[in-house]
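Chemist:
Written as structure tokens, this is what we have:
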């Protein structure tokens, strides 16, 4: 029979020792003041000390963790998330933001564990386990079905994996053809939070040091040429080198990369009226200018180093698409951030709800790059990482796909000609110089003065119409102003919808890959504009009904919302 021993004086002292975790917003953060204001609006400061101590409240861990998560989600947010943050519940930040925040908290807890006393370690370990459990639950909420396409010949991929393992790669993944995603990395066993799915030695990473001396010296005369461009030119030649150390890797690469940079005329015509048309056009003009700066001059001056048949525009575009769609920025132990190609890791596809979030730093102890999981991945499931917080237009242009799910970064920027308030630390209105809207079905709130549209955008429209400070009082003049704002916005969106045209209802199975992507993107744009129009109509009804009530009263008063 177990007997509860009384605490010794030493144990009691240890138990009473304060164990705390500090969450701090760095002043070097480029969005410091916007994040500071949001933190203050929620009752937090830029430096919060969270005391981790057992309590009689059985929910003490979840309560503390909820507070920490609120703070860290703001600290880890980017500009788009901040823009919409004032109106949205915390879960509208997106799953990647949640994983980033939980990872940050987990690292702080693990750091505290290493220096804590015994009693503190017990408390911190409970906290650690609760965080891991929350990360695991996040994975269970967002499992996407992985359908493997049978009959796909993956001999080249198997050879690459074998080559990697022979050269120090450790992996718990295999390569297969995934429906809707192309080649992907599949977990060969159940992987939990913290497990390493893939580990690659730096000797297999393609970095700038591989550029041969003769090529390097030939490129030195081009002022301002980047190491990325040098590597791009190196890869154009290396892919044809039968003796290359990376021949097996180059053999697995496609003959054509289906990104927006390779869109044909039919796809570009479909994109008429969209921002993606401008993005692809600008990107291709930039690449053409870059190519013209280098060629044919390099081929004429150094034909032995730059054979003309290997440095055509088509080959250059192929190499650009390779580096845009497959490269990663990695920080090495010397502190230098390098753009690299990483064989095998390129099969890890992007997801809005990734398994791997932090993978950009070489482990100095092992001299390897490790891809650790931030949420579980079951055997047979595709293991994904995040390429970044990108819109579908960016992902189409440089990667060639539209992600599964609702992308919070699919926004339409809007130019509003309004006087901007100078932003100061204590100002009540953030100085947003650019404004945007996204699909309002992502919002849970709709009421007068909000309508599911972002507050910075609506406040800017109000300031554009009236220089007087706007108050959210149910006064006739305020309500009439709201009606004019919503009608103006409705007119803008009607024009945008007309420019987008009707939905393409043709049989998409028989269309080319680029036309399918173009149609899919246009559907996304159309859904955003349509949802904003719906918000305008709903808002107009709300405001007009309230105005009717207000005018019907004998003595209309000011009722604060």
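Numbering (our numbering), first residue to last: 57 to 617. Ideal Cβ positions, reconstructed from N, Cα and C, are used throughout, including at glycine.
In angstroms with no decimal places, state the Cα-to-Cα distance between residue 553 and residue 252.
Modeler: Indexing the chain shown from 1 puts residue 553 at position 497. Indexing the chain shown from 1 puts residue 252 at position 196. The alpha-carbon atoms of residue 553 and residue 252 are separated by roughly 47 Å.
Chemist: Give the list of continuous alpha helix (DSSP H) stretches no shorter than 4 residues that lie fully inside the region 287–374.
Modeler: With a minimum length of 4 residues, the continuous alpha helix (DSSP H) runs that stay inside the region 287–374 are 303–307, 321–326, 331–350, 353–357.
Chemist: Taking DSSP as the reference, what is the three-state secondary structure of residue 86?
Modeler: Locating residue 86 in the chain shown gives position 30, counting from the first residue. Coil, per DSSP.
Chemist: One question on the structure: do residue 358 and residue 269 come within less than 8 Å of each other, judged by their Cβ atoms?
Modeler: The residue you call residue 358 lines up with position 302 of the chain shown. The residue you call residue 269 lines up with position 213 of the chain shown. It is not a contact, given that the beta carbons lie outside the stated cut-off.
Chemist: Buried or exposed, going by whether 16 or more other CB atoms sit within 10 Å of the CB of residue 342?
Modeler: Here residue 342 refers to the residue found at position 286 of the chain shown. Per the 10 Å Cβ criterion, exposed.
Chemist: Please name the residue in 595, 378, 405 whose C-alpha comes closest to that of residue 544.
Modeler: On the chain shown, position 488 is the one that residue 544 refers to. The option with the nearest alpha carbon to residue 544 is 595.
Chemist: Check the C-beta distance from residue 470 over to residue 491 and give it rounded, since I have them as a contact under 8 Å.
Modeler: Mapped onto the chain shown, residue 470 falls at position 414. Mapped onto the chain shown, residue 491 falls at position 435. About 5 Å; that satisfies the 8 Å criterion.
Chemist: Could you tell me the boundaries of the beta strand (DSSP E) in which residue 76 lies?
Modeler: Within the chain shown, residue 76 is the residue found at index 20, counting from 1. Unbroken beta strand (DSSP E) run through residue 76: 76–80.
Chemist: Could you check what DSSP says for residue 492 in three-state terms: helix, strand or coil?
Modeler: Taking the chain shown and counting its residues from 1, one reaches residue 492 at position 436. Residue 492 falls in the strand class under three-state DSSP.
Chemist: Determine whether the beta carbon atoms of residue 379 and residue 311 lie at a separation below 8 Å.
Modeler: As a first step, residue 379 is located in the chain shown; it is residue number 323 there, counting from the start. As a first step, residue 311 is located in the chain shown; it is residue number 255 there, counting from the start. Result no, Cβ atoms of residue 379 and residue 311 do not sit closer than 8 Å.
Chemist: Measure the alpha-carbon distance for residue 298 versus residue 200 and round it to whole angstroms.
Modeler: Residue mapping note: residue 298 aligns to position 242 of the chain shown, counting from 1. Residue mapping note: residue 200 aligns to position 144 of the chain shown, counting from 1. Roughly 40 Å between the two C-alpha positions.
Chemist: Please work out which residues of its chain come closer than 7 Å, Cβ to Cβ, to residue 263, disregarding the five sequence neighbours upstream and downstream, and give them in chain order.
Modeler: The count along the chain shown starts at 1 and reaches residue 263 at position 207. Counting only Cβ-Cβ distances below 7 Å, and skipping sequence neighbours, we find 394, 396.
Chemist: Taking DSSP as the reference, what is the three-state secondary structure of residue 177?
Modeler: Here residue 177 refers to the residue found at position 121 when the chain shown is read from its first residue. Of the three classes helix, strand and coil, the one that applies to residue 177 here is helix, per DSSP.
Chemist: If I follow the unbroken beta strand (DSSP E) through residue 107, where does it start and stop?
Modeler: Position 51 of the chain shown, counting from 1, holds the residue named residue 107. Note, residue 107: beta strand (DSSP E), 103–107.
Chemist: Are the Cβ atoms of residue 405 and residue 240 separated by less than 8 Å?
Modeler: In the chain shown, the residue the question calls residue 405 occupies position 349. In the chain shown, the residue the question calls residue 240 occupies position 184. Yes. Within cutoff.
Chemist: Which two residues bound the contiguous beta strand (DSSP E) that contains residue 400?
Modeler: Here residue 400 refers to the residue found at position 344 of the chain shown. Unbroken run through residue 400: none, as it is neither H nor E.
Chemist: So residue 375 and residue 292 are in contact, right, with Cβ under 8 Å, and what is the actual spacing, rounded?
Modeler: Your numbering for residue 375 matches position 319 in the chain shown. Your numbering for residue 292 matches position 236 in the chain shown. Between residue 292 and residue 375 the Cβ distance is about 5 Å, and since that is below 8 Å, they are a contact.
Chemist: Might you give, ordered along the chain, the residues of its own chain that have their beta carbon closer than 7 Å to the beta carbon of residue 160, omitting 5 neighbours on each side?
Modeler: Residue mapping note: residue 160 aligns to position 104 of the chain shown, counting from 1. Result list for residue 160: 128, 132, in chain order.
Chemist: Write down every uninterrupted run of the beta strand (DSSP E) in the region 207–248 whose length is 3 residues or greater and which is fully enclosed by it, in chain order.
Modeler: Fully enclosed beta strand (DSSP E) runs of 3 or longer: 229–234, 238–243.
Chemist: Using 8 Å as the threshold, is the region 569–589 in touch with the region 317–327, meaning 3 or more CB pairs across them?
Modeler: The answer is yes - the region 317–327 touches the region 569–589, with three or more Cβ pairs under 8 Å.
Chemist: If you drop the 5 nearest sequence neighbours on each side, which residues of the same chain put their C-beta closer than 8 Å to that of residue 119?
Modeler: Stepping through the chain shown from its first residue, residue 119 is reached at position 63. If we look at residue 119 and ignore the five residues flanking it on each side, its Cβ neighbours are 113.
Chemist: What does the alpha-carbon distance come out to for the pair residue 255 and residue 441?
Modeler: As a position in the chain shown, residue 255 is number 199, starting the count at 1. As a position in the chain shown, residue 441 is number 385, starting the count at 1. Distance between the alpha carbons of residue 255 and residue 441: 14 Å.
Chemist: Can you list, in chain order, the residues of its chain whose CB lies under 7 Å from that of residue 535, leaving out five sequence neighbours each side?
Modeler: Here residue 535 refers to the residue found at position 479 of the chain shown. Cβ neighbours of residue 535 beyond the five flanking positions: 599, 602, 603, 606.
Chemist: Could you tell me how far apart the beta carbons of residue 414 and residue 428 are, in whole angstroms, since I believe they sit closer than 8 Å?
Modeler: In the chain shown, residue 414 corresponds to position 358, counting from 1. In the chain shown, residue 428 corresponds to position 372, counting from 1. 7 Å between Cβ atoms; contact.
Chemist: By a C-beta neighbour count over all protein chains shown, 10 Å radius and 16 as the cutoff for buried, is residue 135 buried or exposed?
Modeler: In the chain shown, the residue the question calls residue 135 occupies position 79. That one is exposed.
Chemist: By DSSP, does residue 392 sit in helix, in strand, or in coil?
Modeler: Here the question's residue 392 lines up with position 336 in the chain shown. Coil.
Chemist: Could you say which of 242, 222, 210, 188 lies nearest to residue 257 if we only look at CA atoms?
Modeler: For this step, residue 257 is matched to residue 201 along the chain shown. Among 242, 222, 210, 188, the Cα nearest to that of residue 257 belongs to 222.
Chemist: If you reduce the DSSP assignment to three classes, tell me which class residue 469 lands in.
Modeler: The count along the chain shown starts at 1 and reaches residue 469 at position 413. Strand.
Chemist: For residue 184, which beta-bridge partners are listed by DSSP?
Modeler: In the chain shown, the residue the question calls residue 184 occupies position 128. Paired residue(s): none; residue 184 is not in a bridge.
Chemist: Which one or two residues does DSSP pair with residue 417 in a beta bridge?
Modeler: On the chain shown, position 361 is the one that residue 417 refers to. According to DSSP, which records beta bridges pairwise, residue 417 is partnered with 387.
Chemist: Please go through the same chain and pick out, in chain order, the residues whose beta-carbon is closer than 8 Å to the beta-carbon of residue 121, but skip the five residues on each side of it.
Modeler: Along the chain shown, one-based indexing puts residue 121 at 65. Taken in chain order, the residues that qualify are 161, 183, 186, 187, 190.
Chemist: Looking at the secondary structure, which residues open and close the alpha helix (DSSP H) in which residue 546 lies?
Modeler: Working through the chain shown from its first residue, we reach residue 546 at position 490. It spans 532–556 - the alpha helix (DSSP H) in which residue 546 sits, taken as one unbroken run.
Chemist: What whole-angstrom Cβ distance do residue 381 and residue 315 have, given they're in contact under 8 Å?
Modeler: Numbered from its first residue, the chain shown carries residue 381 at position 325. Numbered from its first residue, the chain shown carries residue 315 at position 259. Confirmed, about 6 Å.
Chemist: Looking at chain C, is there any beta carbon in it that lies within less than 8 Å of the beta carbon of residue 375?
Modeler: In the structure shown, chain C cannot be found, because there is only a single protein chain.
Chemist: Does the count of Cβ pairs from the region 324–333 and the region 218–235 closer than 8 Å reach three?
Modeler: Judged by Cβ distances under 8 Å, the region 324–333 makes no contact with the region 218–235, as fewer than three pairs qualify.
Chemist: Residue 242 and residue 436: beta carbons closer than 8 Å?
Modeler: On the chain shown, residue 242 is found 186 positions in, with the first residue counted as 1. On the chain shown, residue 436 is found 380 positions in, with the first residue counted as 1. In contact: residue 242 and residue 436 (Cβ atoms closer than 8 Å).
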